[in-house]
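Each remark here refers to the structure printed beneath this line.
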Amino acid sequence: MRLHRRALLAAPFLAEPVLASTAQARMLDRPARLLVGFAPGGSADLVGRLLADRLRDVYAPQVIVENRSGAGGRLAVEVAKSSAPDGGTVLLSPAGQFTILPHLYPGRLRYEAADFLPVTPVCFFSYGFAVAANHPAQDLESFARWAKSRPSVTFASPAAGSVGHFIGLRLGEALGIDMVHVPYRGTVPALNDLMAGQIDATISVVGEVAELHRAGRVRMLACTAAQRSPGLPALATFAELGQPGLTEEQWFGLFLPADAPDTAARALWEGAEAALRSPAVAQVLASQEYRPATEASGAFRERIATEFRRWEPIVARSGFRAED
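Right, dumping it as structure tokens:
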């Protein structure tokens, strides 16, 4: 979570070490809004409200979470793009809006990465591959044996074109089995059908499955994290199980419109960094299996570009194209 001085110096709005820049960062003198592209109660909303509470009186006198759900999160990005670049509108977005959706909607999105100033990621998270508690497979190897005895197996993700959708297709390729995707409108109905035996497996954000896994109602067989989580120490990573190509972390990040002033960007970065150092915030994020982390704006911009390039062949190989 801490940034090295070299990284700080690389950031366009952090031209000096943080101790020197603190006095330069200016809080807005009016309320700000934090746009979240998903409905209240979800993971993005949780992260947004945690940050908004901590950014109050640091970034702005008041930071109001505004849920602009619709079009798979794209609506909030579009609203942010068209907002005045005065620091009064902040976007909290998952990675996929900038790294995956451009490949699903080539030439059809109403925004692009260049329309925004990427300030910092705030947390990272991984995905879990789960089966029902009464499934005969106890681990990934036994699942593969079970699956190969059938013409195909079904797996659910929260939506067509989601990260979970593509992980499932890659898993099928890696294991040599036919994985048939069943898209759902969210994680909860998919997990309900998993427990009811209507589908064979799900691929969802680990934090959204962890409680059911701990309660013994579903069984996660592997996760896409680079290393095991302290909160789920018995859950193996795909890399440990011989599938390093399935390592995948996604993130939520903070953005401002491209022409926002450097002072607003600096103040937002420092406010986010301070919020994530808070033990209370860290505890809530850890309970949801989120890993808090910030990085310099320049490094964040490069991360987005790198992930955009990485996802292009993954989407192309899948043959999937989203409908408007």
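My numbering numbers the first residue of the sequence shown as 800 and each following residue consecutively. Cβ atoms here follow ideal geometry from the backbone N, Cα and C, with glycine treated the same way.
Residue i: first and last residue of the uninterrupted beta strand (DSSP E) it sits in
i, result
"V1017", "V1017 to C1022"
"R829", "First-last for R829: undefined, no H or E at that position."
"P893", "T888 to P893"
"A931", "Y926 to A931"
"L1055", "Q1049 to P1056"
"E865", "V862 to N866"
"V981", "M978 to P982"
"A797", "The shown model of the chain, from 800 to 1123, leaves out residue 797, and the question about it has no answer."
"T986", "That residue, T986, is in no beta strand (DSSP E); its alpha helix (DSSP H) goes T986 to M994."
"F954", "V952 to S956"
Distance CB(residue i)-CB(residue j) smaller than 7 Å
i, j, result
"A955", "V987", "no"
"A1074", "T1093", "no"
"I1113", "F897", "no"
"P893", "F1099", "no"
"L1059", "P884", "Rather than Leu, the amino acid found at residue 1059 in this sequence is Ala. Taking 7 Å as the Cβ cut-off, A1059 and P884 qualify as a contacting pair."
"A1024", "A1035", "no"
"V835", "G847", "yes"
"A1055", "L874", "Sequence inspection shows Leu at residue 1055; the Ala mentioned does not correspond to that position. No; because the gap between Cβ atoms is not below 7 Å, this pair is not in contact."
"V918", "W1068", "yes"
"L1127", "F1051", "Lying outside 800 to 1123, the shown extent of the chain, residue 1127 is not represented and no answer is given."
"V1005", "G927", "yes"
"G960", "L1040", "no"
"R909", "E940", "no"
"G1015", "A912", "no"
"V889", "L833", "yes"
Residues near residue i by beta carbon distance below 8 Å, same chain, minus five either side
i, result
"E972", "none"
"G1030", "A1009, A1085, S1086 and E1088"
"D914", "K880, P1056 and A1057"
"A1081", "L1075 and P1091"
"D992", "A955, Y983 and I998"
Spatial neighbours of residue i in its chain, beta-carbon cut-off 6 Å, leaving aside the 5 residues before and after
i, result
"I899", "W1110"
"A989", "A955, Y983 and T1001"
"A946", "V952 and I976"
"A782", "Beyond the ends of the chain as shown, which are 800 and 1123, falls residue 782; an answer cannot be given."
"H1012", "M1019"
"D999", "V952 and T953"
"L974", "A943"
N- and C-terminal bounds of the alpha helix (DSSP H) containing residue i
i, result
"F965", "V962 to L974"
"F1107", "S1096 to S1117"
"V857", "No alpha helix (DSSP H) contains V857, which DSSP labels as neither H nor E."
"A1063", "D1061 to R1076"
"F942", "L939 to K947"
"A879", "R873 to K880"
"H934", "H934 -> no alpha helix (DSSP H), and no H or E assigned at all."
"P905", "That residue, P905, is in no alpha helix (DSSP H); it is neither H nor E in DSSP."
Residue i to residue j span [Cα, whole Å]
i, j, result
"G985", "T1046", "22 Å"
"A1121", "G872", "14 Å"
"A819", "R1065", "Interpretation of A819 is limited by its pLDDT of 34, a score under 50 that renders its predicted location unreliable; the figure taken from the coordinates is listed afterwards. Their Cα atoms are separated by approximately 12 Å."
"F942", "N866", "39 Å"
"G887", "A879", "10 Å"
"P816", "L850", "Because the pLDDT of P816 is 36, which lies under 50, any placement of that residue in the model is unreliable, and the number read from its coordinates should be weighed accordingly. Roughly 23 Å separates the two Cα atoms."
"A859", "S881", "20 Å"
"P957", "E1007", "11 Å"
"A1063", "M978", "46 Å"
"G840", "D1061", "32 Å"
"G996", "E1101", "43 Å"
"S925", "L827", "34 Å"
"S1077", "R907", "40 Å"
"A1115", "S1028", "31 Å"
"G895", "A1038", "22 Å"
"V962", "P901", "14 Å"
"G1118", "P950", "21 Å"
"A870", "L970", "27 Å"
"T1105", "Q1049", "13 Å"
"A1079", "P905", "41 Å"
"S948", "G1097", "49 Å"
Proximal residues to residue i (C-beta, below 7 Å), its chain only, five neighbours per side dropped
i, result
"L1084", "C922 and P1091"
"Q1026", "T1036"
"M994", "A931, R1016 and V1017"
"A1033", "none"
- Message: I'd like to know if the region 960–969 and the region 1039–1056 are in contact, where contact means that at least 3 CB-CB pairs between them fall below 8 Å.
- Response: Contact between the region 960–969 and the region 1039–1056 is present, because at least three Cβ pairs lie under 8 Å.
- May I ask you to verify whether the region 847–861 touches the region 930–939, counting CB pairs closer than 8 Å and requiring at least 3? When Cβ pairs closer than 8 Å are counted between the two stretches, the region 847–861 is seen not to touch the region 930–939, the count staying below three.
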